[in-house]
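Trainee: Protein chains in written order, with the numbering used here: chain A, 1 to 276; chain B, 277 to 670.
Every residue gets a Cβ at the ideal spot worked out from N, C-alpha and C, and that includes glycine.
1. Quick one: residues in its chain with C-beta nearer than 7 Å to the C-beta of residue 44 of chain A, no 5 flanking neighbours on either side, listed in chain order?
2. Determine, using beta carbons only, whether residue 115 of chain A comes closer than 8 Å to chain B.
3. Residue 298 of chain B: buried (16+ other C-beta within 10 angstroms of its C-beta) or exposed?
4. Can you check whether the C-beta of residue 652 of chain B is within less than 8 Å of a C-beta belonging to chain A?
5. Under 6 Å Cβ to Cβ from residue 248 of chain A, same chain only, skipping five residues before and after it: list those, please.
6. May I ask you to list, following chain order, the residues of the region 431-459 of chain B that have a beta carbon less than 9 Å from some beta carbon of chain A?
7. Please list, in chain order, all residues of the same chain as residue 339 of chain B whose beta carbon is under 7 Å from its beta carbon, the five residues on each side excluded.
8. Is the Cβ of residue 80 of chain A closer than 8 Å to any Cβ of chain B?
9. Between the C-alpha atoms of residue 14 of chain A and residue 23 of chain A, what's the straight-line distance to the nearest angstrom?
10. Kindly give me the distance between the Cβ atoms of residue 176 of chain A and residue 131 of chain A, rounded to whole angstroms, as I take these residues to be in contact under 8 Å.
11. For residue 666 of chain B, name the three-state secondary structure that DSSP assigns.
12. Residues in the same chain with beta-carbon distance under 8 Å from residue 157 of chain A, minus the five sequence neighbours each way, listed in chain order, please.
13. Applying the 10 Å Cβ sphere with the 16-neighbour rule, what's the burial state of residue 165 of chain A?
14. Taking the Cβ atom as the reference point for each residue, do residue 94 of chain A and residue 221 of chain A lie within a distance shorter than 8 Å?
15. Hey, how far is the Cα of residue 377 of chain B from the Cα of residue 425 of chain B?
16. What did DSSP end up calling residue 753 of chain B once you bin it into helix, strand or coil?
17. Nearest CA to the CA of residue 199 of chain A: which residue from A:265, A:223, A:256?
18. Can you say whether residue 181 of chain A is buried or exposed, counting buried as having 16 or more other CB atoms within 10 angstroms of its CB?
19. List the endpoints of the continuous beta strand (DSSP E) containing residue 242 of chain A.
20. First and last residue of the beta strand (DSSP E) that includes residue 261 of chain A?
21. Compare the beta carbon distance of residue 522 of chain B and residue 544 of chain B with 8 Å and say whether it is the shorter of the two.
22. Helix, strand or coil: which one does DSSP assign to residue 297 of chain B?
23. Kindly list the residues whose CB is nearer than 7 Å to the CB of residue 277 of chain A, restricted to its own chain and excluding five residues on each side of it in sequence; keep chain order.
24. Going by beta carbon distance, what residues of the same chain come within less than 7 Å of residue 284 of chain B, once the five residues before and after it are set aside?
25. Please report the distance separating the alpha-carbon of residue 202 of chain A from that of residue 263 of chain A.
26. Does residue 193 of chain A have its Cβ less than 8 Å from a Cβ in chain B?
27. Let me see if you follow: with CB-CB separation under 8 Å, is residue 1 of chain A close to chain B or not?
28. From the beta carbon of residue 39 of chain A, is the nearest beta carbon of chain B less than 8 Å away?
29. Between which two residues does the alpha helix (DSSP H) harbouring residue 171 of chain A extend?
30. For residue 184 of chain A, tell me which candidate among A:29, A:89, A:241, A:268 has the shortest Cα-Cα distance.
31. Can you list, in chain order, the residues of its chain whose CB lies under 7 Å from that of residue 622 of chain B, leaving out five sequence neighbours each side?
32. Under 8 Å by Cβ, that's how I've got residue 462 of chain B and residue 420 of chain B pegged, so tell me the actual separation to the nearest angstrom.
33. Could you tell me the distance, in whole angstroms, from the CA atom of residue 279 of chain B to the CA atom of residue 212 of chain A?
34. Determine, for residue 384 of chain B, whether the minimum Cβ-Cβ distance to residues of chain A falls below 8 Å.
35. Can you name the start and end residues of the alpha helix (DSSP H) that residue 232 of chain A belongs to?
36. Where residue 300 of chain B and residue 390 of chain B are concerned, what is the direct C-alpha to C-alpha distance, given to the nearest angstrom?
See below:
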């Protein structure tokens, strides 16, 4: 070991984004290896780096593990009903257009029970950023298959493997009118943070899918291993293709080792946002 | 800003909020005008007969007078949106009818739990299910009280005329803000689609009771967003005011933070019920006539009360000792007054005509062992004065 002088007295006692987290709510409920903490961390960093004061940021979540995100960020934060984060957030965004509204919720919340709200919020181009944490499963209830579970992947409600075609969320968001569409993973922390920041500075409906391990609910049942193993899959298979135009072809297959995962900032267009 | 932003009008161009004067007005429109006069900021709704005229009226009037109107994808979204807007400080409204009211129940529970004030106008039609969309019903009365899962308190008004659609919608906003609850304006198809004289007062004569604000400034110590005052209602901070509130439908402590403890749950849910129950004397409204010496009392509400009051006056003219209680709030129900009349000893029976199969009759039966006669129709038509008179004579 080299002679690094560690002076405990001068060691920092706080982290630069501590004030953006509700420290009095810790410890959190998330499992070891879960990626949601990284998403919350990235959102907090984006707030810290944004040109908008903290009091102008509002976070809304739905229900589920990802739906707990709003409860940990130290801005005005709302934990709505299952699937209804988007219309709840619309009410805030339309009544107070100066607020920067970010919805952080899960793939099941946003695209299954809340699927109708997702396509209509995108169609209307509501001024908000949506961070959709995709862990391919219903984590909070213990690993049931969901609208993003890859065909063949196992869940407690599909013991022989999922048979339904999963949503390709960036393709769905683009098709329904989102002005910004990206897919990242919790491995791509810098790119993900930059994407959130871009959305905060952009008008209209911005959608970021972020892939995130759920070792308890998904990894274990599908022999992926712990959270780190799933992140290794991201590292090995992810290809960054900014501006990819063939979003119909970027389905995710976590199980087949031959299949790549396309990530990047795909769509960035301008379209008049909802003005009620 | 994009071109569409030009649609927003400057303050000088705004239409007046309060259409002071005497009008010949549809009940649904009177509800919308009442909301505007009360300071409506935000409407979200989905078309449904027979409430659509509320939305149609506001689609032009609300943006033109400085508010925001959004037609949502469904009633789930409509209810969620008005709660979000309320959390950001708006006076918010949605309007619907039975099937939509059922869909709203999920988020009505959320509004009760978050204590976000909001108003839902439900123009009742013949139900269950799709029923007869264009014809009258009064069968959502118990749903208004008990429709979402769990225990919580609410307030519901039941207008009997277009004038009351205006007046009670104003009251609904004030009660919602004062008690931080969802408030229902339980109209019915006949009242909603009836045209009558509606007198709208001067703006300064429209009563206004707003929300209690936090006593501390943002950052000045920790603001406990769910610590109630003596009236059991906590002051409310809105999104963007700097208080960094957290609101959750999970059971929460006084900080607003999730707290999965039976004790916390019991305290919270009891307060949600008690803030209405213990303030019922301030909230409850009814109108009564000829009750003092009556041996028969007709209890009625909404359009049915119009037939009932005609029948009671006719019966009095025939020398029958009959009186009437017309509900103005159906929830809270005038429990105290009914118990008092029973205790006085003159009353021998109650009659409850209603366009459902006995929902309010159950409520009266709960309060007395005296006979409670029924006059019910499942929906589609209102009882005639003659039918009620015949029962009074029996």
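Mentor: A quick look at the data gives this:
1. Excluding sequence neighbours, residue 44 of chain A sits near 17, 20, 21, 73.
2. Answer no: the Cβ-Cβ gap between residue 115 of chain A and chain B never drops below 8 Å.
3. Result: exposed.
4. No, because no Cβ of chain A sits closer than 8 Å to the Cβ of residue 652 of chain B.
5. These residues qualify, in order along the chain: 171.
6. Answer in chain order: no residues at all.
7. Closer than 7 Å at Cβ, skipping near neighbours: 345.
8. True, the Cβ-Cβ gap to chain B drops below 8 Å.
9. Their backbone Cα atoms lie some 11 Å apart in a straight line.
10. Contact between residue 176 of chain A and residue 131 of chain A fails: their C-beta atoms lie close to 17 Å from each other, not under 8 Å.
11. The answer is helix: DSSP assigns residue 666 of chain B an H, G or I state.
12. For residue 157 of chain A, where only same-chain residues beyond five positions count, the Cβ hits under 8 Å are 144, 145.
13. It counts as exposed.
14. Cβ atoms of residue 94 of chain A and residue 221 of chain A: not closer than 8 Å.
15. Rounded to whole angstroms, residue 377 of chain B to residue 425 of chain B spans 14 Å at the Cα level.
16. Any answer about residue 753 of chain B is impossible in this case: the structure gives chain B only from 277 up to 670.
17. With distances taken between Cα atoms, residue 199 of chain A lies closest to A:265.
18. Here residue 181 of chain A is buried, its C-beta having at least 16 other C-beta atoms within 10 Å.
19. Residue 242 of chain A: not part of any beta strand (DSSP E); DSSP gives it neither H nor E.
20. Element bounds for residue 261 of chain A: 261-268.
21. Cβ distance not < 8 Å, so residue 522 of chain B and residue 544 of chain B don't count as in contact.
22. Here residue 297 of chain B sits in strand by DSSP.
23. Here chain A covers residues 1 to 276 and nothing more, so residue 277 of chain A does not appear.
24. Legend: pLDDT at residue 284 of chain B = 47, less than 50; position of this residue unreliable, no value from coordinates given.
25. Taking the straight line from one Cα to the other gives about 20 Å.
26. Residue 193 of chain A has a beta carbon lying at 8 Å or more from every beta carbon in chain B.
27. With a pLDDT of only 46 at residue 1 of chain A, under 50, the local geometry of the prediction cannot be trusted, and the value read off the model is given with reservation. Not flagged as an interface residue toward chain B: residue 1 of chain A, since no C-beta distance is shorter than 8 Å.
28. For residue 39 of chain A, no Cβ of chain B is located within less than 8 Å of the residue's own Cβ.
29. Where residue 171 of chain A is concerned, the enclosing alpha helix (DSSP H) stretches over 169-176.
30. Out of A:29, A:89, A:241, A:268, A:241 has the C-alpha closest to the C-alpha of residue 184 of chain A.
31. 569, 570, 571, listed in sequence order.
32. Residue 420 of chain B and residue 462 of chain B do touch by the CB rule: their CB atoms are close to 6 Å apart, below 8 Å.
33. Annotation note: pLDDT 39 at residue 279 of chain B (below 50); position unreliable, coordinate value reported separately. Straight-line Cα distance between these residues: approximately 38 Å.
34. With 8 Å as the cut-off, residue 384 of chain B does not count as an interface residue toward chain A.
35. For residue 232 of chain A, the enclosing alpha helix (DSSP H) begins and ends at 227-237.
36. Between the alpha carbons of residue 300 of chain B and residue 390 of chain B lies a gap of roughly 39 Å.
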